[in-house]
Amino acid sequence: MNSILKNSITASLLAGASLLAACHREEDPFAGTDSYITGFRLQQGDAVFHAAITGEVITVTAPEGFSLNRARATVTLSENAKIYPDPASITSWDEEQAFAVTAHSGAQTAWKYTVRRSGVAHSGAVLLETQADVDAFGRRGVTLIDGSLIIGRTAGTDSITSLAPLASLKEVSYALTLNPTCAITSLEGLENLEHTGGLLKIGETWNNTLPHLETVTLPALKTAGALSIGNPATVIVELPGLEHVSKQLELGCPLYQLHLPGLQSAGSISMNVYTSTSTSLAKISLPALEAVEGNILLEGWGSVTKVELPALRKTGGFSVNAMPQLVFIYTPKLEAAAATMTFSSLDGLTELSFPALKQAGAMNINCKNISILEVPKLETLKALTLQNTPLNGIAGFTALKTAGTVTLTNLPGGTAVHIPASVQHIDVLEIGLTTAGALIPEVHIAGKNIGTLRLTGRAVQTKISGDETFAGLLYLQPNSSDLLFPELEGLGEVDSLYVNAASAYDVHIKGIRKVRRGVYLGTLYSGYPRTFSMPDMEEIGGHLTVNFPYMTNTAMDSVKWDNLKSVGGNLTLTINTKTAKVLHCPALTTVGGDFKLSTGYDYSTTYRGFETLNFPKLATIGGKLTVYPGTATAARTNTKLTGLHGFSALTGVKAIEITRQAALTDYSGLQKAFPSLASPENWTASGNSYNPSYRDLLDGKWIYE
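Going by our numbering, the final residue of the sequence shown carries number 2001, and the count climbs one at a time with no gaps.
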């Protein structure tokens, strides 16, 4: 009823009431001025509805679907007041009505009658196993189920063909599940459903459930606790009113039509079909989606060419995988992705752009045809992985300031890796190349604070250009025997150096003069390297560990470090070859910690051990000197070393232990070091050709006679 008509009716009612009041005033001396309705009720059969009276509005509350037409009205008025029209003459109590009440004095008041509907509630879970159950429950007109609703059995023959009797239902407080024994072809009967508090579940991808339900349409559904549609027969999903899903929204059916125009938020979104599933969906579009607390996963949609999320501002994670026809991802407003963003196996995608992205947890991109990557506002990343993509490193991250681990694997050869000028710090920069091909010629790290620069595979051949001092760990792990130590341009000092030479024939660490902390050079594998050296190394602030215990394919006649002067920590040399006879460190003066020296051992024709140890300037060892064969097997000994003349300059050491040198008879090279031993407990000689005691050395018995 429009406002003009209501005003006209009210005016007419007041005019009619005025005439009646004038007639009665001439006969009745009472001068009352009240024009109130003080009580109002309707009776329909045995049901009685008492109205609430607020101001000049009379409101009757009746259950949804309950008709009040032809109900009998009982009205209480102020003393001697009159009402027009007479309520007894009205039958349409399901509609609004207008009344005029005239006081005995002639004062008039307009009143309005209205009806408010209350739902018919059912408390507790509802299980509808047969069509008869559906029909009977539908006759109750229930609008709210304060519990779960389960329709159909989990197994057995089809028995439910229609949900039409449930048309009154508007809300299910907990879960709503459609089980396999539903033979329905549509969701007619749930067209008024507005809310489910728990999971609304329609089919499962791995079961042949609901084989006749091709279309899922819920026009009134606005909110759901969670929503899962995995029915393998469903090809159309239309949820035009859906605005919010508290937890997961999951779609796993072979769609060709998807309509979610109003979805604004979700706990998480998973749209995942098996890559072998036939689907003809051309576009995934969620035009109103603004926020997803958890992850967005889009995977396996072989026919989708576009993903459009124009309103999305924030999400937890964002993954798009295994969609070979995809050419376009549109997220112009995405500002934050708190977790990981992953894009892989998207062969049709050549460009990826996030123009508004300012915050992301991590990003993984593995797409062989992406040549343009633009992230102009992103400043921080916990991790970034780019692999198998024709990209120029991280050049597209023009605002990036800090990153955790940046991994660049199998990027195209021939292009140098440049770090954007904005970058202030990267915890780990890893560059790897696992297959043969054009190598990355150069990595520019000048002016960059990088915790670890890690080159793996064939990427160790890459030239590194940087500042004189690299305040991080240089980690090298080649995967091919023909690879050499990388050329260093500008670098002369690094914080730490780690070389795992398991696959390299020749490892020569050139250019580095100083390592602030430690150096590890070695492998546990047999046969590599053939040769190794540190020709420019002068100073190592921490530990130096060289670990080549099984070198079967060597081409060295000596191990020689001409310029090494000092090792601040422990010096551990485990070297066993069949060709190298001499270990020569002519400039070494100090070892700050323990010096554990493996002399090698005889074993078949594979290894032979050193014949000469030469440390002519080594004056102090801060800890213990240990000379042993480098193996725990008692039967394996060095049979070449006869004397320790190479330690003739040593004057300070805390303890000495010499073991399993089967040809050793001359200890005279230790005469200057012996006085620094504080007690007999600091001297051990066992398993050697000659094993002098502490007393023997005090007595000058340095050579076996």
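Every residue gets a Cβ at the ideal spot worked out from N, C-alpha and C, and that includes glycine.
When Leu1677, Val1411, Leu1707, Ala1797 are compared against threonine 1355, the one with the closest alpha-carbon
Val1411
Would the segment 1386-1394 and the segment 1453-1468 be scored as touching if the rule is three or more Cβ pairs under 8 Å?
Contact between the segment 1386-1394 and the segment 1453-1468 is not established, with fewer than three Cβ pairs separated by less than 8 Å.
Would you report the Cα separation of alanine 1679 and threonine 1701, rounded to the nearest angstrom?
5 Å
Exposed unless 16 or more other CB atoms sit within 10 angstroms - verdict on glutamate 1595:
It counts as buried.
Alpha carbon to alpha carbon, how far is histidine 1508 from leucine 1445? Give it in angstroms, no decimals.
21 Å
Measuring CA to CA, which of Leu1559, Glu1783, Gly1762 is closest to threonine 1755?
The displayed chain sequence assigns alanine, not threonine, to residue 1755. Alanine 1755 has its Cα closest to that of Glu1783, out of Leu1559, Glu1783, Gly1762.
Less than 6 Å between C-beta atoms, sequence neighbours within five positions excluded: which residues of the same chain meet that for asparagine 1303?
Its pLDDT being 44, under 50, asparagine 1303 is placed unreliably by the model, and nothing is read from it.
For isoleucine 1668, is the classification buried or exposed, using 16 other Cβ atoms within 10 angstroms of its Cβ as the cut-off for buried?
Around the CB of isoleucine 1668, fewer than 16 other CB atoms lie within 10 Å, so the residue is classed as exposed.
Can you find at least 3 beta carbon pairs, one from the segment 1394-1402 and one from the segment 1424-1439, that sit closer than 8 Å?
They do not touch, by the three-pair rule.
If you measure between the beta carbons of methionine 1833 and isoleucine 1871, is that distance less than 8 Å?
no
Lysine 1602 versus cysteine 1549 - alpha carbon distance
Distance from the CA atom of lysine 1602 to the CA atom of cysteine 1549, rounded to whole angstroms, is 18 Å.
Three or more C-beta pairs under 8 Å: does that hold for the segment 1654-1671 against the segment 1710-1729?
no
What are the boundary residues of the alpha helix (DSSP H) that aspartate 1431 is part of?
1427-1435
DSSP on glutamate 1269, reduced to helix/strand/coil?
Nothing can be reported for residue 1269: it is not among the residues displayed for the chain, which extend from 1297 to 2001.
Would you call the CB atoms of glycine 1942 and asparagine 1984 closer than 8 Å?
Asparagine 1984 is positioned such that its CB atom lies no closer than 8 Å to that of glycine 1942.
Cβ neighbours of serine 1854 in the same chain (closer than 8 Å, five flanking residues each side left out)
Excluding five sequence positions before and after serine 1854, the CB atoms of its chain that fall closer than 8 Å to its own CB belong to Ala1876, Lys1877, Val1878, Leu1879, His1880, given in chain order.
So, at 8 Å on beta carbons, what are the nonlocal neighbours of leucine 1940 in its own chain, with the 5 sequence-adjacent residues on each side left out?
Leu1909, Val1923, Ile1954, Leu1960, Asp1962, Tyr1963, Ser1964, Gly1965, Leu1966
Exposed or buried, what is isoleucine 1690 when buried is set at 16 or more other beta-carbons lying within 10 Å of its beta-carbon?
buried
Helix, strand or coil: how does DSSP classify glycine 1786 here?
Look at glycine 1786 here: in three-state DSSP terms it is coil, with no helix or strand label.
Per the DSSP calculation, cysteine 1478 is bridged to which residue(s)?
Ile1456
For glycine 1965, name the three-state secondary structure that DSSP assigns.
helix
Which class does valine 1256 belong to by DSSP, given the choice of helix, strand or coil?
Outside the displayed range of the chain (1297 to 2001) lies residue 1256, so it cannot be described from this structure.
Quick check on arginine 1904: buried or exposed, where buried means 16 or more other Cβ atoms within 10 Å of its Cβ?
buried
Who are the near neighbours of valine 1623 in its chain, counting only those whose CB is closer than 8 Å to its CB and skipping five residues on each side?
Thr1601, Lys1602, Gly1644, Leu1645, Thr1646
Indicate the three-state DSSP secondary structure (helix, strand or coil) for valine 1671 in the structure shown.
coil
Looking at valine 1863 and leucine 1840, is the spacing between their C-beta atoms short of 8 Å?
yes
Just curious, the beta strand (DSSP E) that tyrosine 1846 is in, first and last residue?
1840-1847
Go ahead and pull the three-state DSSP assignment for valine 1724.
Valine 1724 falls in the strand class under three-state DSSP.
Name the DSSP beta bridge partners of methionine 1830, please?
Per DSSP, none; premise fails for methionine 1830.
Simplified DSSP assignment, three categories, for valine 1422:
strand
Are lysine 2072 and histidine 1491 touching if we call contact CB-CB under 8 Å?
Past the boundaries of the shown model lies residue 2072; the chain is included only from 1297 to 2001, so the question cannot be answered.
Would you kindly work out how many angstroms separate the C-alpha atoms of proline 1988 and glycine 1838, rounded to a whole number?
33 Å
Just to confirm, is the Cβ distance from leucine 1884 to lysine 1920 under 8 Å?
no
Bridge partners - glutamine 1757, DSSP secondary structure assignment:
None, per the DSSP bridge assignment.
Just to check my reading of the structure: proline 1831 and alanine 1800 have Cβ atoms closer than 8 Å, yes? What is that Cβ distance to the nearest angstrom?
With a Cβ gap of about 16 Å, proline 1831 and alanine 1800 do not count as contacting.
Please confirm whether any heavy atom of the ligand ATP lies closer than 7 Å to the CB of glycine 1341.
For the structure depicted, the ligand ATP is absent and the ligand set is empty, with no information on it obtainable.
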